[in-house]
Amino acid sequence: MIKKKADDIANPIIFTEERRIRNMHTDQLEYFVAIAEQGSFTEASYELSISQSSLSKQINKLEEELNVKLFVRGRRQLMLTDAGRDFLVYARDALRNYRNICAELLKYSSGGTIHIGSVDHMGKVGLTTPMASFIDKFPENSVHLEVERSSARQVVEWLLEGRADICFTARIADGVRGVSNLDVYDLSDYCCSTLLHDEYYVIVPEEHEFCQREYVDWEDLREERLMLLDRQHSVNALIREAMISRGMTPHVTFECNQTDALLRMVADGFGITFLSGRIAASEYEVRRIPLRQSLSRDTYMIVPQEHMQENDLTGQFAHYVEKFYEKNAGK
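Numbering-wise (full-length UniProt numbering), the sequence shown opens with residue 1 and increments by one.
Dropping the structure here:
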């Protein structure tokens with residue numbers, strides 16, 4: 001029998017522990033610090049724009065990798081363990097050092113201003129978080145993001161005209177008819193990325209008969225009073241065309257450019273409307289009902305191909321945003 005040296009026995013254990021620690025990543029540290037500072041998984045999930053369940057999974061994974069408990073989870077109170085308090089000090093230092101390293105390296109980029117065209121509801125589709133964290137990676141005041149908001153098609157036109165360096169728009173598609181609101185544009189020289197996928201729902205008052213159904217069909221809307229986002233919004237025309245193509249005349253009684261106004265009027269019983277799932281989330285007394293053969297709504301990033309270079313600030317931003325959404329897919 002071959003006798004092993006003490007070093008031969010110890011080394012695999014050391015290697016395993018080192019590999020375990022290397023599995024940690026900065027996102028986990030940011031999640032941990034946010035929870036510790038907020039004192040709540042719920043509040044931290046709002047701040048980080050991810051679901052509470054995804055946040056909990058990441059912390060469980062972090063605790064497994066460290067082989068310690070970081071939090072004591074009570075019914076009403078969340079507290080750091082002794083190990084958690086010690087780890088908080090190191091986590092903050094690690095994140096600070098990481099940001100300093102990023103800033104030191106990224107300062108070799110030219111910096112400057114990125115002109116962004118975007119649809120409304122940036123927060124509800126999670127755009128504000130990567131925008132803010134991207135700026136933090138650069139030396140102070142070296143990078144500026146100038147955001148101008150308008151309708152889905154208007155921001156694309158700004159991009160084509162050179163008024164915007166990048167745009168975040170909504171690609172609204174009718175899968176049955178095979179058309180979308182962006183079909184009129186030639187985007188062959190542009191990189192287009194779907195960041196988020198969503199669908200349109202029928203939004204009704206809580207007492208509406210549709211609330212008893214799992215879903216509704218377009219034909220069920222024949223006699224309904226419709227309230228829509230106005231005609232500068234692509235969804236207006238697509239809804240009208242979807243109904244006309246099915247042999248119906250849409251009874252549109254009200255149009256405006258504010259979703260809050262539509263939600264309030266639906267809650268008050270003046271009619272029904274159409275909104276995507278993320279946008280429809282609100283405190284109003286309304287219900288969202290799935291629509292069979294619904295319209296899809298993709299949060300779409302469009303960038304000129306010429307900007308998609310490593311040393312191009314707009315390209316760096318586009319890659320950063322894309323990576324952010326890939327990491328948070330399904331959260």
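Ideal Cβ placement from N, Cα and C applies to all residues, glycine included.
According to DSSP, D198 shares a beta bridge with R297.
Excluding five sequence positions before and after Y201, the CB atoms of its chain that fall closer than 8 Å to its own CB belong to F274, L275, S276, G277, A280, R288, I289, P290, L291, S294, given in chain order. Between V321 and P130 the beta-carbon gap is near 5 Å, inside 8 Å, which marks them as a contact. Per DSSP, the beta bridge partners of M79 are V72. The C-alpha of F324 lies about 14 Å from the C-alpha of I135. About 13 Å separates the beta carbon of V68 from that of A91, a gap too long to meet the 8 Å contact definition.
Here the C-alpha atom of F87 lies approximately 11 Å from the C-alpha atom of L62. Three or more Cβ pairs closer than 8 Å define a contact, and the region 208-226 meets that threshold against the region 235-249. Here T273 carries a strand assignment [DSSP, helix/strand/coil]. Collapsing the DSSP output to three states places P130 in a helix. Taking a 10 Å sphere around the C-beta of C211, we find fewer than 16 other C-beta atoms and assign the residue as exposed.
Close CB contacts of M243 within its chain, under the 6 Å cut and outside five residues either way in sequence, are with P250 (chain order). Looking from the CA of N141, the closest CA among E148, Y190, I114 belongs to I114. Spatial neighbours of S40 in its own chain (CB-CB distance under 8 Å, excluding positions within 5 residues in sequence) are listed in chain order as L78. Note on N97: under 16 other CB atoms within 10 angstroms of its CB, so exposed under the neighbour-count rule.
Looking from the CA of S193, the closest CA among C256, L226, R171 belongs to R171. DSSP, read as helix, strand or coil, puts G112 in strand. Under the DSSP assignment, V156 falls outside any beta strand (DSSP E), being part of the alpha helix (DSSP H) whose first and last residues are 152-161. Inclusion of A318 and I203 in the CB contact set at 9 Å is not warranted, their separation being larger than that value. One Cα belongs to D183, the other to G175, and the distance between them is close to 13 Å. Residue environment: G126 is assigned as buried (16 or more neighbouring CB atoms within 10 Å of its CB, all protein chains considered). With fewer than three CB-CB distances shorter than 8 Å, the region 300-312 does not count as touching the region 254-265.
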